[in-house]
Amino acid sequence: METYNNLYNKIIFLKNLFLAYKKARKHKTKKLYVIEFELNLQKNLLKLYEELKNQTYFPKSLVNLIVKDPKTRKISKSDFRDRIARHAILGVIEPIFDKTFIYDSCANRIGKGNLFAIKRFDYFAGKVSKNGKIDGWFNNNQIRGYCFKADIKHYFEEVNHKVLLDIIKRKITDEKIIWLIERILENGVKIGGGRRNGIEINKGMPLGNLTSQFFANVYLNEVDYFVKCILGAKYYIRYVDDFVILHNSKQQLEK
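Going by the numbering used here, the first residue of the sequence shown is number -8, and it counts up by one from there.
Below, the structure written as structure tokens:
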């Protein structure tokens, strides 16, 4: 497996931070916090650069909002400069991991999304049911397809930090990047996960954050490969913590 080191300087490179700033401000140029940051843009970016360079960076406290759409959820908003830091790190490491994701991991990926997932489901449904083709010359019954749909309860709240970091370390060996990721995770939904071998285990990620969405894909990529390669599910789609398996045999699906 290919590993990557010495990437931290690419993350904190001022040109990368400026690009991250442009991504963070997209569709938010009239927000007061963006306008305030831009009043001293060079100074603010340099300050963020120095904190990242000297590893004195600490994300500011999250602002939590309750939304109903229609399910009630707690959304956590990062400070604008912390969004820049998140865009900066993902701009470097996301392409490394994205090419390892299965094709039908649909959430928060370029060229994927809700519409892509719906189209794939429709395509798979046609495959398992042979588009409703009549089964046999003297059989008036149409071929049926079966679907198993599930989601992981309280997924973001239950993500184990140690497990996630262990997965990331298989690809990223740059200790400074791991340090920055730990800073970001510590700023999340920090819920005591108990102790293992005398070490405190923390878990949870804030819903609504850019890095949380990416880490969610990294974490469940393990499940994707298990379902595809070990269980042999040919028609499988995942969208964040929701996944669907389709099959033309109910008995095989139940197994």
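Don't be surprised by glycine CBs; every beta carbon is placed ideally from N, CA and C.
Secondary structure of residue i, DSSP reduced to three states
i              : result
aspartate 165  : coil
aspartate 70   : coil
arginine 100   : coil
lysine 17      : coil
tyrosine 48    : coil
threonine 202  : helix
asparagine 151 : strand
lysine 62      : coil
tyrosine 210   : helix
asparagine 188 : In this prediction, asparagine 188 has a pLDDT of 49, which is less than 50 and means its spatial position is unreliable; nothing more can be read from the coordinates.
tyrosine 94    : coil
asparagine -4  : coil
asparagine 35  : helix
Host beta strand (DSSP E) of residue i (start-end)
i              : result
lysine 140     : 137 to 142
lysine 59      : 54 to 59
isoleucine 228 : 226 to 230
Extent of the continuous alpha helix (DSSP H) to which residue i belongs
i                 : result
phenylalanine 234 : Here phenylalanine 234 belongs to no alpha helix (DSSP H); instead the beta strand (DSSP E) covers 233 to 238.
tyrosine 114      : 105 to 120
lysine 1          : -1 to 3
isoleucine 221    : Careful: isoleucine 221 lies outside any alpha helix (DSSP H) and carries neither H nor E.
phenylalanine 28  : 23 to 30
Cβ of residue i within 8 Å of any chain C Cβ
i            : result
threonine 63 : The structure shown has no chain C; it contains just one protein chain.
Rounded distance between the beta-carbons of residue j and residue i, thought under 8 Å
i             : j              : result
aspartate 60  : tyrosine 146   : About 17 Å separates the two Cβ atoms, so there is no contact after all.
isoleucine 84 : isoleucine 158 : About 12 Å; that fails the 8 Å criterion.
valine 119    : leucine 155    : Not a contact, Cβ separation roughly 33 Å.
Same chain only: Cβ atoms within 6 Å of residue i, ignoring 5 sequence neighbours per side
i          : result
lysine 140 : Val235
leucine 56 : Ile66
Spatial neighbours of residue i in its chain, beta-carbon cut-off 7 Å, leaving aside the 5 residues before and after
i            : result
threonine 91 : Asn212
Close Cβ partners of residue i (< 8 Å) along its chain, the five nearest in sequence each way excluded
i                 : result
leucine -2        : Val83, Ile84, Ile163, Asp165 and Ile168
lysine 160        : Ile169
phenylalanine 129 : With a pLDDT of 49 at phenylalanine 129, under the threshold of 50, the modelled position of this residue cannot be trusted, and the question is left open.
Checklist entry - Is there contact here, the region 131 to 147 with the region 46 to 60, by at least three beta-carbon pairs under 8 Å? => result no
Next on the checklist: Under 8 Å, with one C-beta from each stretch per pair, do the region 53 to 72 and the region 193 to 205 reach the 3-pair mark?
Outcome noted: yes
Checklist entry - Are there three or more Cβ pairs, one per stretch, closer than 8 Å when the region 69 to 84 is compared with the region 24 to 34? => result yes
Checklist entry - Would the region 94 to 103 and the region 211 to 231 be scored as touching if the rule is three or more Cβ pairs under 8 Å? => result yes
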